[in-house]
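Trainee: Residue numbers (the numbering used here): 1100 to 1230.
We put the CB at the ideal spot given by N, CA and C, even for glycine.
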Amino acid sequence: MIKKIMDENNQGFMRHNGGLSFKKVDEIRYEFETEVKDIHLNGGGIAHGGFLSTIADTGMGTAVHQIAGNKRCVTISLEIKFISSALPGDILKGKVKILKKTNSLVFVNCEIRNEKTIIIVSSGVWKILKT
């Protein structure tokens, strides 16, 4: 069962980017969704790489926050491979998987797709903060 778990992705910086709808699928898998709007486009009329990077970082970071018991976490590294372009009106769906969690680190990967193809694949490492 997919369950919507939070609205924090529609506050602060992400609110200015259109927000994310975020869901927990199971203990290690999460999903998120957003729509590409005109404000997300680069000069070529496709979704800007910075926007795609932001939603990957936010989606994975939110999953890490959940798996870390709602502790504050920060991105240590973020790798993104841009596979295809996204156009205005595309609904982008991200699938996040927690690969490993230690006492202080979380390793994650993510795939973001539109209805036709993979747009980006991403992986990263997050630090669980003690305070």
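Is there contact between the stretch 1132-1139 and the stretch 1197-1205, where contact requires at least three CB pairs shorter than 8 Å?
Mentor: As far as the Cβ criterion goes, the stretch 1132-1139 does not touch the stretch 1197-1205, which means the pair count is below three.
Trainee: Using only alpha-carbon positions, find the residue among 1230, 1162, 1185, 1222 that is nearest to residue 1213.
Mentor: Residue mapping note: residue 1213 aligns to position 114 of the sequence shown, counting from 1. That would be 1185, whose Cα lies nearest to the Cα of residue 1213.
Trainee: Apart from the five residues just before and just after residue 1178, which ones in its own chain have a Cβ nearer than 6 Å to its Cβ?
Mentor: Mapped onto the sequence shown, residue 1178 falls at position 79. Around residue 1178: 1222.
Trainee: Find out if the Cβ-Cβ distance for the pair residue 1183, residue 1154 is shorter than 8 Å.
Mentor: Locating residue 1183 in the sequence shown gives position 84, counting from the first residue. Locating residue 1154 in the sequence shown gives position 55, counting from the first residue. Contact: no.
Trainee: May I have the straight-line CA-CA distance separating residue 1209 from residue 1170, to the nearest angstrom?
Mentor: Along the sequence shown, read from residue 1 onward, the residue named residue 1209 stands at position 110. Along the sequence shown, read from residue 1 onward, the residue named residue 1170 stands at position 71. Each residue's alpha carbon lies about 21 Å from the other.
Trainee: Grab me the residues of residue 1173's own chain with a C-beta within less than 6 Å of its C-beta, minus the 5 sequence neighbours each way, in chain order.
Mentor: Here residue 1173 refers to the residue found at position 74 of the sequence shown. For residue 1173, where only same-chain residues beyond five positions count, the Cβ hits under 6 Å are 1226.
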